[in-house]
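Colleague: In my numbering, the protein residues as written are 5 to 504.
Just so it is clear, CB atoms sit at the ideal spot from N, CA and C, and this is done for glycine as well.
My structure is below; once you've seen it, I'll send some questions.
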Amino acid sequence: MKKQLFSLMVVAGCLSFTKPVLADDSSSAENTEKMIQKMTVQAHALESQMHQLNSQIHALKVEQQTLKSQVKTEKAGSHQSMHAPETTPFYPIPSVLSGSPVMVASYLGSHTTFSPFDLAVTYTDYMENLRILQLREALYNRYKRHNVEGPSGPMLIVSGKVEGQGIYSSTFNSSHTSRIDLSAAELDLIPVVNSWAGGFVSFKYDNSQAPNQPLTNNSRVHVDQGYLTFGNLNRLPFYLTIGQFYVPFGNYSSLMISSPMTQQIFQTRARALEVAYQHPCDQGPYAQVYAFNGDTNTKNNDNINNLGANVGYSYSQGSAWNIDSSVGVIANVADSLGMQQTNLPTGFAGFSVGNNEALVRQVAGVSAHVNFGVGPFGMNTEYVTATSQFAPQDLMYNGHGARPAAMNLEGYYNFRAWNRPSAVVASYGQSWQALALGAPQYRYEASVLTSVWRNTLQQIEFRHDVNYSATDSSNGRGAAGPTVGGGSSNTVTLLLGIYF
């Protein structure tokens, strides 16, 4: 109706303009009628143009509302965790890009939790190759769910950390030490070749101090791990890993700054081949078998001489509760890092020091762990032991062959302090017949940690170690003299770390 009224007004205006002409010359009526018809056509054309303009304005308003909604969604996504639902915005890498895309964790464009514990660099060494494989699967699954073509070439995921510590301690001989240290610097590279093949390379800084050398002169960088993993859990529940990695003997989960004694003694890194099974839904049963050429031997040969296996079960009911447990075996515990090199200034230095790798006999080992959580509470329990005694010539305790063992019991409570993720942790550890390996007999620890800024960690730990008795003595192959127990020590450690 409004548009018709507008057209009549335009025509009326034209008539009022032409009226004097009609009064002066009636013979021009025919020309005037043609002029009116022409103006009427122009009015209809103008009306059509206005309709088109109104349609364009409406389309622009709809587009503006859509853009506003997308901005709000992205802002909301910045406060979600990596494990949030798929409403988190997805930033795909265009497949038309040339070269190899590089992503810094957090990956996939989704946002991590405030604390750094879901970044690749904070994965535990236990079954780390499986975590990397699951990360790769998650990447390709998200491309598929968002109907986005994945990148045509390989990708590289980068993660890392830098940690500094302030340490004060009283030692077993009642002396006192204090220092400020760059305790860790690590760069992890995760190449993703395709949905079936990928790898992992970890560069670590070594802060150990060589005898009679300044500490800063010995800051070496080495390849801690480097391996290839082949598998696609979406298609097949089996995968294969080959390279240098920590074999799945022992779990060693801990929120403490100090490593548990189970890890200190028995953790084993090797250049190995592993074939593994993982239940398709990432929960349920899992298993690994592996083989490698260990450093210690009984016949001075250079062959594959160490085997191992691990079977476990994991289950999670969201944030309500979770459990993970496993049992592992290894043919020779003497290949562990803690037995290869003890870092003791006197006594048994380790089987790798000098010409100590030839053993009288190999000694097998067994590990078992159960980790579970209920709401904000959790507990990690683990026991690792040699299955028999070493020959006295290889490792001795109180005059007979040593049979080292260790356990760790740790509980924690998660909470928020000033709206920051925090936790309190307490643990108890014990070792048996491990005096020559530098482990205390008892260990008591307490710690508080928080994350004041995103992807950072601030933690303070108190550790009380009780040594073996002064009447206990231990020795190992190639040692100049026995290691004798006695005394206790206290250590306070403050850690500040950044993670990416």
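1. Just to confirm my understanding: we take S478, look at its own chain, exclude 5 residues before and 5 after, and list those with CB closer than 7 Å. What are they?
2. Skipping 5 residues on each side, what residues in its chain have a beta carbon closer than 7 Å to that of R365?
3. In this structure, does DSSP put T245 in helix, strand or coil?
4. Among residues of its own chain, excluding the 5 on either side of G230, which ones have a beta-carbon nearer than 6 Å to its beta-carbon?
5. Would V378 and T385 qualify as a contact pair, given that the criterion is a beta-carbon distance under 9 Å?
6. For the candidate residues M265, L232 and Y147, whose alpha-carbon lies nearest to that of A201?
7. Under DSSP, the beta strand (DSSP E) around E4 begins and ends at which residues?
8. Taking 8 Å as the cut-off, is the C-beta of L50 nearer than that to any heavy atom in the ligand PLP?
9. Going by DSSP, name the residue or residues bridged to Y256.
10. Excluding five sequence neighbours on each side, which residues of the same chain lie with their C-beta closer than 6 Å to the C-beta of L240?
11. Terminal residues of the continuous beta strand (DSSP E) containing K208?
12. Pull up the DSSP beta-bridge partners for M400, would you.
13. For the candidate residues G482, I269, A295 and Q463, whose alpha-carbon lies nearest to that of Y387?
14. Classify G164: buried if its beta carbon has 16 or more other beta carbons within 10 angstroms, exposed otherwise.
15. Based on Cα-Cα distance, which residue from V357, I334, P408 and N326 lies nearest to R481?
16. My assumption, with CB atoms under 8 Å, is that P158 sits in contact with V197. Please give the rounded CB distance.
17. In chain order, what residues of the same chain have a beta carbon less than 8 Å from the beta carbon of M107, not counting five sequence neighbours either side?
18. With a cut-off of 8 Å, do at least 3 Cβ pairs link the region 454-462 to the region 326-342?
19. So, helix, strand or coil for Y127, using DSSP?
20. If you draw a straight line from the C-alpha of G369 to the C-alpha of A421, how long is it?
21. Relative to the C-alpha of A280, which residue among A313, Q287 and Q41 is closest?
22. Tell me I327's beta-bridge partners as DSSP assigns them.
23. F352 to D286, Cα distance in whole Å?
24. In the DSSP assignment, find the unbroken alpha helix (DSSP H) run with N145 in it and report its ends.
25. Check S52 in the structure and name its three-state DSSP category.
26. With H, G and I counted as helix, E and B as strand and the rest as coil, what does DSSP make of T300?
27. Taking the beta carbon of P120 as the centre, do at least 16 other beta carbons fall within 10 Å, making it buried, or is it exposed?
28. If you compare alpha carbons, which of L461, L453 and E465 is closest to R447?
29. For G501, count neighbouring C-beta atoms within 10 Å of its own C-beta (all shown protein chains included) and say buried if the count is 16 or more, exposed if not.
30. Which residue from D129, A189, T272 and F176 puts its Cα closest to that of G168?
31. Since A390 contacts V337 with CB under 8 Å, what's their CB separation in whole angstroms?
32. Checking the sheet assignment: what are the DSSP bridge partners for A353?
Modeller: This is what the structure gives:
1. M400, Y401, A406, L439, A440, P486 and T487
2. T302 and A395
3. strand
4. V205, G247 and Q248
5. no
6. L232
7. One cannot answer for residue 4 here, as it falls past the ends of the chain, which runs 5 to 504.
8. Ligands in the displayed structure: none, and consequently the ligand PLP is not present.
9. None, per the DSSP bridge assignment.
10. none
11. A201 to D210
12. G405 and N479
13. I269
14. buried
15. V357
16. 5 Å
17. I97, M159, L160, I161 and V162
18. no
19. coil
20. 42 Å
21. A313
22. Y319 and F376
23. 43 Å
24. E132 to R149
25. helix
26. coil
27. buried
28. E465
29. buried
30. A189
31. 5 Å
32. None, per the DSSP bridge assignment.
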